[in-house]
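Numbering (our numbering), first residue to last: 71 to 439.
For every residue, glycine included, the Cβ atom is placed at its ideal position computed from N, Cα and C.
The structure presented is a predicted model; accordingly, all values stated were derived computationally and were not measured.
What follows is the structure in structure tokens.
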């Protein structure tokens with residue numbers, strides 16, 4: 071359910087916002103947190119994958135980990151990147167970022183909005199995939215709960231101090247209408263160093279689930295789960311009612327990312343218990359939409375822009391019901407095509423490769439006398 075929520079609010083955030091609809095604009099402004107939710111979920115998923123072998127006294131396989139990630143992310147990403155680079159009618163905006171920045175996942179440093187700029191979040195993910203496995207291998211068997219919490223707190227505090235220092239240096243003396251604010255996203259929104267909060271909270275939850283399963287069960291059931299839901303909604307409510315212009319104030323720069331991450335982490339715990347999971351699974355379309363979340367993320371801006379451009383000459387603006395519905399259908403069809411044509415075949419191939427790796431590992435092990 072949370073993956074569905076994440077992609078929904080991201081899509082809304084990237085859609086044009088009509089004047090005079092304050093409630094919709096407030097929700098749309100909240101949409102930047104959708105990526106933060108993806109980061110929390112990614113930290114939880116990847117952290118669990120890497121720490122579960124450690125909890126059994128085993129060494130995580132870097133080969134298997136990077137094989138899984140590469141075949142999950144790269145095929146669909148490269149297909150859509152090729153569409154942006156080589157099909158002139160595809161991009162929602164001209165692509166000015168050099169291709170090598172996309173291919174090396176360095177696009178998010180110094181980024182200015184242009185075609186396929188929303189792929190910046192994949193850069194953060196790839197950096198995370200590089201660092202976390204090496205960190206787990208380096209610290210396995212040496213790190214205890216207090217040290218882990220202290221390390222996570224250091225990462226969070228370091229990010230806050232870095233964002234605060236950059237804000238004080240570049241933006242504290244700017245007036246409301248000065249053009250220097252255009253540099254804010256480039257310095258304090260897209261770079262990896264600014265977006266570690268959600269990943270850190272996700273990894274902490276993964277460590278709790280893997281190494282303290284009794285505590286995880288306790289906090290994801292009954293009154294504890296309801297309390298986590300209330301706390302999460304309270305955190306997100308605080309973010310929701312902060313106007314996006316508040317990035318001009320230092321407290322927002324320091325606290326908005328951690329507050330959103332904490333809220334989503336609490337909701338993740340609240341919805342991880344068996345009762346909540348079963349209820350969420352009964353919502354029609356949730357599972358299917360969650361499966362398509364990655365391909366929807368890759369294609370939604372181009373497809374919606376194409377529909378708006380096609381219908382504008384017929385007097386239908388971005389908020390005409392036909393335009394909205396047509397954009398939704400176009401995104402769904404494109405994401406289904408990418409999922410069935412690229413993503414699923416690659417995942418099936420990944421399963422075969424993993425079975426082969428497992429078989430070779432079993433054959434290489436000495437027989438027990």
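Between the CA atoms of residue j and residue i - distance to the nearest angstrom
{"i": "residue 341", "j": "residue 376", "result": "36 Å"}
{"i": "residue 186", "j": "residue 369", "result": "9 Å"}
{"i": "residue 345", "j": "residue 113", "result": "23 Å"}
{"i": "residue 142", "j": "residue 124", "result": "23 Å"}
{"i": "residue 317", "j": "residue 326", "result": "9 Å"}
{"i": "residue 73", "j": "residue 337", "result": "12 Å"}
{"i": "residue 297", "j": "residue 339", "result": "10 Å"}
{"i": "residue 331", "j": "residue 145", "result": "29 Å"}
{"i": "residue 426", "j": "residue 201", "result": "26 Å"}
{"i": "residue 169", "j": "residue 155", "result": "8 Å"}
{"i": "residue 64", "j": "residue 197", "result": "This structure gives no information on residue 64, because the portion of the chain shown stretches from 71 to 439."}
{"i": "residue 414", "j": "residue 355", "result": "18 Å"}
{"i": "residue 493", "j": "residue 420", "result": "Absent from the structure is residue 493, since the part of the chain shown begins at 71 and ends at 439."}
{"i": "residue 159", "j": "residue 244", "result": "38 Å"}
{"i": "residue 111", "j": "residue 274", "result": "11 Å"}
{"i": "residue 176", "j": "residue 293", "result": "44 Å"}
{"i": "residue 147", "j": "residue 206", "result": "27 Å"}
{"i": "residue 398", "j": "residue 209", "result": "45 Å"}
{"i": "residue 385", "j": "residue 348", "result": "45 Å"}
{"i": "residue 42", "j": "residue 403", "result": "As displayed, the chain neither begins before 71 nor continues past 439, which places residue 42 out of reach and without an answer."}
{"i": "residue 117", "j": "residue 407", "result": "30 Å"}
{"i": "residue 153", "j": "residue 167", "result": "14 Å"}
{"i": "residue 378", "j": "residue 107", "result": "28 Å"}
Sequence-distant residues of the same chain with beta carbon closer than 8 Å to residue i, five excluded per side
{"i": "residue 438", "result": "Reliability fails at residue 438, whose pLDDT of 43 lies under 50, so the model's placement of it is uncertain and the value that follows must be treated cautiously. Cβ within range, chain order: n/a, list empty."}
{"i": "residue 242", "result": "320"}
{"i": "residue 115", "result": "272 and 276"}
{"i": "residue 417", "result": "141 and 142"}
{"i": "residue 424", "result": "134, 137 and 138"}
Contacts around residue i, its chain only, beta-carbon distance under 6 Å, and the 5 residues preceding and following it disregarded
{"i": "residue 172", "result": "151"}
{"i": "residue 191", "result": "105"}
{"i": "residue 360", "result": "73 and 74"}
{"i": "residue 222", "result": "270 and 274"}
{"i": "residue 81", "result": "370"}
N- and C-terminal bounds of the alpha helix (DSSP H) containing residue i
{"i": "residue 234", "result": "215–240"}
{"i": "residue 99", "result": "92–99"}
{"i": "residue 279", "result": "267–281"}
{"i": "residue 367", "result": "363–381"}
{"i": "residue 339", "result": "320–340"}
{"i": "residue 119", "result": "103–125"}
{"i": "residue 348", "result": "344–351"}
{"i": "residue 294", "result": "292–310"}
{"i": "residue 197", "result": "190–209"}
{"i": "residue 393", "result": "391–408"}
{"i": "residue 165", "result": "Unbroken run through residue 165: none, as it is neither H nor E."}
{"i": "residue 136", "result": "132–156"}
{"i": "residue 73", "result": "72–84"}
{"i": "residue 255", "result": "254–258"}
Closer than 7 Å to chain D by CB, residue i
{"i": "residue 185", "result": "In the structure shown, chain D does not exist; there is a single protein chain."}
Distance CB(residue i)-CB(residue j) smaller than 7 Å
{"i": "residue 335", "j": "residue 389", "result": "no"}
{"i": "residue 409", "j": "residue 362", "result": "yes"}
{"i": "residue 100", "j": "residue 268", "result": "no"}
{"i": "residue 71", "j": "residue 305", "result": "no"}
{"i": "residue 366", "j": "residue 149", "result": "no"}
{"i": "residue 266", "j": "residue 229", "result": "yes"}
{"i": "residue 329", "j": "residue 300", "result": "no"}
{"i": "residue 401", "j": "residue 373", "result": "yes"}
{"i": "residue 98", "j": "residue 87", "result": "yes"}
{"i": "residue 121", "j": "residue 225", "result": "no"}
{"i": "residue 199", "j": "residue 138", "result": "no"}
{"i": "residue 295", "j": "residue 343", "result": "yes"}
{"i": "residue 83", "j": "residue 102", "result": "yes"}
Cβ-based neighbour list, residue i, same chain, cut-off 7 Å, excluding 5 preceding and 5 following
{"i": "residue 218", "result": "277"}
{"i": "residue 162", "result": "185, 371, 372 and 375"}
{"i": "residue 323", "result": "233, 234, 237, 258 and 317"}
{"i": "residue 256", "result": "180, 181 and 182"}
Worksheet entry | Inter-stretch contact (C-beta, 8 Å, three-pair minimum) for the stretch 279–294 and the stretch 130–141 | no
Practice prompt. Give a yes or no on contact between the stretch 249–256 and the stretch 90–105, applying the rule of three or more CB pairs nearer than 8 Å.
Written response: no
Worksheet item: Is the stretch 166–185 in contact with the stretch 256–265, if contact means three or more CB pairs nearer than 8 Å?
Response: yes
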